[in-house]
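Novice: In my numbering, the protein residues as written are 1474 to 1624.
Take a look at the following structure, please.
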Ligand SMILES: [Zn+2]
Ligand SMILES: [Zn+2]
């Protein structure tokens, strides 16, 4: 996997971050949790190694949220001053740092062609024919790979 060096931060500039390393996944997630957590129609995000993710400036504020369907925790992280949602960490993938693409200084460097939770997507969402679209997560509950749906 190619190593990336990317930087980003929140709207007010109190939080800055950078990471060096591979982008493990890039996706749009249409689940109801991601809608609420981002305030947007869907989350567009990348997943990177948590150990390669460095924060400078203020400390990230976090909030623990339990997903009722499976009881696992997620921690959305955001700037305590301006409220920009930087990303999240997840109990299921403890080594992973999710970064919301919109907080990158150059979000245009990221391509997204994978979609999660199309079963909760808003009705006006469209996909490219070459996209990989999952009804729910790309992994089943038993961690086997889910089958993408036909677009
Ligand atoms: Zn801020
Ligand atoms: Zn989601």
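Glycine is no exception: its CB is placed at the ideal position from the N, C-alpha and C atoms.
From a predicted model like this one, the values you see are computed outputs, not experimental measurements.
Per the DSSP calculation, residue 1538 is bridged to which residue(s)?
Specialist: 1547
Novice: I'd like the span of the beta strand (DSSP E) that includes residue 1518, first residue to last.
Specialist: 1516-1522
Novice: I'd like to confirm something about residue 1577: is its beta-carbon nearer than 7 Å to some heavy atom of ligand 1, or not?
Specialist: Distances from the CB of residue 1577 to the heavy atoms of ligand 1 are all 7 Å or more.
Novice: Let me know if residue 1502 comes out buried or exposed under the rule of 16 or more other beta-carbons within 10 Å of its beta-carbon.
Specialist: buried
Novice: Taking the continuous beta strand (DSSP E) assigned at residue 1527, which residues delimit it?
Specialist: 1526-1530
Novice: Excluding the five sequence neighbours on either side, which residues of its own chain have a C-beta within less than 6 Å of the C-beta of residue 1611, listed in chain order?
Specialist: 1619
Novice: Flag residue 1483 as yes when its Cβ comes closer than 7 Å to any non-hydrogen atom of ligand 2, and as no otherwise.
Specialist: no
Novice: Alpha carbon to alpha carbon, how far is residue 1421 from residue 1624?
Specialist: This structure gives no information on residue 1421, because the portion of the chain shown stretches from 1474 to 1624.
Novice: If contact is defined by three or more beta carbon pairs under 8 Å, each pair taking one atom from either stretch, is the stretch 1551-1562 in contact with the stretch 1484-1492?
Specialist: yes
Novice: Can you find the residues in the same chain that come closer than 8 Å, C-beta to C-beta, to residue 1622, ignoring five residues on each side of it along the sequence?
Specialist: So the list reads 1591, 1606, 1607 and 1608, once near-sequence residues are dropped.
Novice: Anyone know if the C-beta pair for residue 1568 and residue 1545 falls short of 8 Å?
Specialist: no
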